[in-house]
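Listed in order, the protein sequences are those of chains H and Z. So in the numbering used here, spot 119 of the first sequence is number 119, and the numbers just go up one at a time. Position in the second sequence (first residue = 1) + 332 = the numbering used here. Even for Gly, the Cβ is constructed at its ideal location relative to N, Cα and C. Below is one structure, written out as C-alpha cells, with a few remarks after it.
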Amino acid sequence: MSGFAKPLKIALGLIVIAGLIIVPMNFNRYGLFILSQWAVMSIAAMGLNLTLGYAGQVSLAQGAFVGIGAYAAAIMTTHGWPLPAAIVVAIALSFAVGWVLGYPALRVQHHYLAFVTLAFSTLAFLVFRNESWLTGGIYGISNIPRPHFFGIATNKPLPFYYVCLGSLAIVSIAVWWLIRSPWGRAFMALRENPLRAQSLGIDTRRYTLMAFAIGSALGGVAGALYAPLTQYIDPVPFNLSLSLDLLMMVIVGGAGFFLGPFLGAMIAVLLPEWLRFTEGYYLMIYAVAVMGLLIWSPTGILGILDRHMAERRTKAASALRAVAKSRLETAQ
Amino acid sequence: MSAVLEVTNIRKNFGGISAVDGVSFDVREGEILGLIGPNGCGKSTLFNCILGQLTPSGGEVKLDGKIVTGLRPAELNKLGVSRTFQLLQVFPKLSVRENLILAGQEHQGSMASRLVGRSDAGLTDTANQMIGFFKLDHLAAEPAGGLSYGQQKLLDAAMAFMGGPRLVLLDEPAGGVNPSMLTDLKERLVAINREKNATFVVIEHNMEFVMSLCSRVMVMAEGKVLAMGRSDEVRKNPAVIEAYLGH
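Structure below.
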C-alpha cells in the first residue's frame, strides 16, 4: 500500500467514510440491515485478523465469541441495562474466556490448535442451546431493545446503522493504534519467528494470550451489537459456520492487512446479496469465486495489491540502481 | 576479573545420545571467548542449554553469580543475555530499522507502557545509530528480506546488541559472509566489546576469524571440553589438532 502518495490515501479514506455516512440515508430497511451487518462482521473479523493475521494463531472459535457477546448483551438489555454497560461486560467476558482459550496455543499450533478452538466453538454452541434458564435455549431471546443515546432513540434502521458504524470507527482506530504499537510488532514477530522473538526478550506466552484475548474481545463487541441489530437471537447463528465465515472473511480480504477484514466482510455479507438475481446458483458462484481468488492469490485481495506495489517498488529501485551505475561508468 | 557466566557440569541427552556431556567453563567480564569444534560436537546444543531454549538434563548456569538454569529465553534476555542464531533469523517483512526497534523494544518500559506509548518505543535514534555503526544506512527503510546474505548477517548481529546486553552468544556470525564484510563485522564486534564492555562467546568455524577475534578459545569434541586456553596455545595442542584442526 505504501506505493500510494499519502494525501491520495487520506482523500480516498475520507471519501469512503463520507460515502458510508451519506449514501445509506437513501437506503431502505433491508439495505441498512445488510450494511449494519457488514459493520458488525467487520469488527468480529478485525478481532480474528489480530489473532490469526497478525499473531499467527489459528482460531475456529471467533463465532463463539460473537455469540458470547450477543447473549451477554441480549440478557442484560432485556433486563433493563443500557447497551454500553452490556458492551463493557461483553468485552470483559470474551476477553477473559479468550485468554483462557489462549492457553492451549502455548502448547499446540496450527491445525492442532484449530481443532482445540473448534471443540470450544462446539462447546459454546451447546451452552447457548442447552442452558435455557440463561439463554432461552432453542427459543432464544426476543424483543432485544435498541439503545437510546443522548435522548435519541435508535429503534429505526438508520440511527442504529450509525451506532454500528460509529462502533466500527472506534474499534478501527483502536486496532490501528495497536498494530502500530510495539505490541503489533511483537505479534508479527510471534507469527514470523517465535524462537527469535523469545531471544529478543519478547514474552511469547503473554503476547499469545493477549492476541487471543483481544481478538476474542472484539468478537464480543461484534456480538453485543449483533443482538440489538437483529433484536432476536437464538443459538443457530453462532455455530461453527459463523467461525468459518469469519475465517473466510479474514483470508479472502487478506490476513495480516489492516483493511483485509473490511473487504472480506464486504464480500461475505454483500456478495451473496448481489448474486441473488442468479437465484439458486448464487452460493455456487460465490463458492467458485472464493476458490478462484484463493488459487490466484493465497494472501487474499489485499495480497494482490501488495504484490503489485512491491513489484513497482522493485522496478523503481532497479531503475535507480541502473541510473547510478551508468553515472558511475560515465564518471570513470 | 569476575566471571559473567559460569557453566558447571552441563549435560544434555537426546534419547541415548549425550550431545553435551558435563561441560564446565567460565566467561570473564569483557572477554571474547571462542568456541570451536567439529560439526555435531554439541556447541549449539550447549548454547541452547545456556540460553533456556533447551532444558539441560543436568548442571547449572550462573549469570553474575546468580543461578539462571531453566529460565525462559525471554527472561534471560531481560537479564542482559542476547544471542544470534546459526541460521539467519531476521524478520524479512519488517524494514531494517523496524527489525532493530523490535529487537530493543521489550527492554523499554512495561508491557502496558509499550501499548499506550510511542510506536517506536523511543528507539528510532538508537536504531539509527546501530544502523550507522553497522554501515547499513542506505538500507534502513528496506525490508530485511531484500538484503544480501551478508547484510542480513550484519543486521542479525546488530539486533543482538539493541537491548544493551552484558553477554552475547554468537552462533557462527561469520558463516557465509564474504571476506571484506567479515573484516567489517570483526571490527564492529571488537568496538562494541571495548566501548560497551559487552562480553562475547562466539561459535565459529572460520579459524582465522576466531584466532584474531578471541582472547581465549574453548575446543569441544563429542560433547566434552577438549581444551581451553589462549588461542595460540590451543592451536598447538596435539589433541585439538587431531580432533579438529587436522581435518
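{"Check": "Relative to chain Z, which residues along the stretch 191-205 of chain H have a C-beta separation below 9 Å, given in chain order?", "Outcome": "Glu192, Asn193, Leu195, Arg196, Ala197, Gln198, Ser199, Leu200, Gly201, Ile202, Asp203, Thr204 and Arg205"}
{"Check": "Quick one: is Ile23/H buried, meaning 16 or more other Cβ sit within 10 Å of its Cβ, or exposed?", "Outcome": "The amino acid at residue 23/H is misidentified as Ile; the sequence shows Val. So Val23/H counts as exposed."}
{"Check": "Between Arg180/H and chain Z, is any beta-carbon pair separated by less than 8 Å?", "Outcome": "yes"}
{"Check": "List, from N- to C-terminal side, the alpha helix (DSSP H) runs of 4 residues or more that fit wholly inside the stretch 360-447 of chain Z.", "Outcome": "375-382, 405-410 and 428-437"}
{"Check": "What residues in its chain sit with their C-beta under 6 Å from that of Asp234/H, if we drop five residues either side in the sequence?", "Outcome": "Gly140"}
{"Check": "Can you name, in chain order, every residue of its own chain whose Cβ lies under 6 Å from the Cβ of Asn569/Z, other than the five neighbours on each side?", "Outcome": "Ala559"}
{"Check": "Could you spell out where the alpha helix (DSSP H) holding Leu244/H opens and where it closes?", "Outcome": "Leu240 to Gly253"}
{"Check": "Starting from Lys518/Z, follow the alpha helix (DSSP H) in both directions and report where the run begins and ends.", "Outcome": "Pro511 to Glu527"}
{"Check": "So Ala435/Z contacts chain H; which residues on that side make the cut at Cβ distance below 8 Å?", "Outcome": "Leu200"}
{"Check": "Does any C-beta atom of chain H lie closer than 8 Å to the C-beta of Lys410/Z?", "Outcome": "yes"}
{"Check": "In three-state terms, what does DSSP make of Ala61/H?", "Outcome": "coil"}
{"Check": "Kindly identify the DSSP beta-bridge partner or partners of Leu101/H.", "Outcome": "Partner(s): none; Leu101/H has no beta bridge."}
{"Check": "Can you tell which of Lys315/H, His308/H and Arg196/H has the C-alpha that lies nearest to the C-alpha of Thr416/Z?", "Outcome": "Arg196/H"}
{"Check": "So which residues on chain Z does Ala189/H lean against when the C-beta distance must stay under 7 Å?", "Outcome": "Phe423 and Leu434"}
{"Check": "If Ile433/Z sits next to Ala459/Z, beta carbons under 8 Å apart, how far is it from one beta carbon to the other, in whole angstroms?", "Outcome": "5 Å"}
{"Check": "Would you check if the stretch 206-220 of chain H and the stretch 100-109 of chain H touch, i.e. whether three or more CB-CB distances between them fall below 8 Å?", "Outcome": "yes"}
{"Check": "Give the interface partners of His470/Z over in chain H, defined as CB-CB distance under 7 Å, in chain order.", "Outcome": "Simply none; closest approach about 11 Å."}
{"Check": "Roughly how many angstroms separate the alpha carbons of Ala153/H and Gln37/H, rounded to a whole number?", "Outcome": "19 Å"}
{"Check": "Would you mind working out which of Arg548/Z, Phe465/Z, Leu517/Z and Glu392/Z sits nearest Met494/Z, comparing C-alpha positions?", "Outcome": "Phe465/Z"}
{"Check": "Are there 16 or more other CB atoms within 10 angstroms of the CB of Gly184/H, so buried, or fewer, so exposed?", "Outcome": "buried"}
{"Check": "What are the residues of the stretch 285-315 of chain H that lie near chain Z, defined by any Cβ-Cβ distance shorter than 9 Å?", "Outcome": "Ala310 and Thr314"}
{"Check": "Applying the criterion that 16 or more other CB atoms from any shown protein chain within 10 Å of the CB defines a buried residue, is Thr531/Z buried or exposed?", "Outcome": "buried"}
{"Check": "Which residues in the same chain as Ala571/Z place their Cβ atom closer than 7 Å to its Cβ, once the five residues preceding and following it in sequence are excluded?", "Outcome": "Leu558 and Ala559"}
{"Check": "Starting from the Cα of Leu225/H, find the closest Cα among Phe125/H, Ala114/H and Met41/H and give me that residue.", "Outcome": "Met41/H"}
{"Check": "Is the distance from the Cβ of Leu50/H to the Cβ of Ser121/H below 8 Å?", "Outcome": "no"}
{"Check": "With DSSP as the reference, label His110/H as helix, strand or coil.", "Outcome": "helix"}
{"Check": "List, in order along the chain, the chain H residues whose C-beta lies closer than 8 Å to that of His447/Z?", "Outcome": "Position check: residue 447/Z holds Leu in this sequence, whereas His was assumed. Ordered by position in chain H, the residues that pass the 8 Å Cβ test against Leu447/Z are Leu178, Ser181, Pro182 and Trp183."}
{"Check": "Closer than 8 Å by C-beta to Asn431/Z: which residues in its own chain qualify, once you throw out the five before and the five after it? Chain order, please.", "Outcome": "Val422, Phe423, Ala476, Leu487 and Met491"}
{"Check": "Please name the residue in Phe258/H, His111/H, Pro228/H and Gly264/H whose C-alpha comes closest to that of Asp245/H.", "Outcome": "Gly264/H"}
{"Check": "So, Gly254/H versus Gly292/H, is the Cβ gap smaller than 8 Å?", "Outcome": "no"}
{"Check": "Applying the criterion that 16 or more other CB atoms from any shown protein chain within 10 Å of the CB defines a buried residue, is Phe258/H buried or exposed?", "Outcome": "buried"}
{"Check": "Given this structure, state the Cα-to-Cα distance separating Thr377/Z from Leu386/Z, to the nearest angstrom.", "Outcome": "8 Å"}
{"Check": "Tell me the DSSP secondary structure of Ala335/Z in three-state form.", "Outcome": "strand"}
{"Check": "On the DSSP letters alone, give me the boundaries of the alpha helix (DSSP H) that Ile285/H sits inside.", "Outcome": "Tyr282 to Trp296"}
{"Check": "Who are the Cβ neighbours of Val171/H in its own chain at under 8 Å, not counting the five residues just before and after it?", "Outcome": "Ile43, Met46, Leu218 and Val221"}
{"Check": "Using a Cβ cut-off of 8 Å (strictly closer), state whether Glu504/Z contacts chain H.", "Outcome": "no"}
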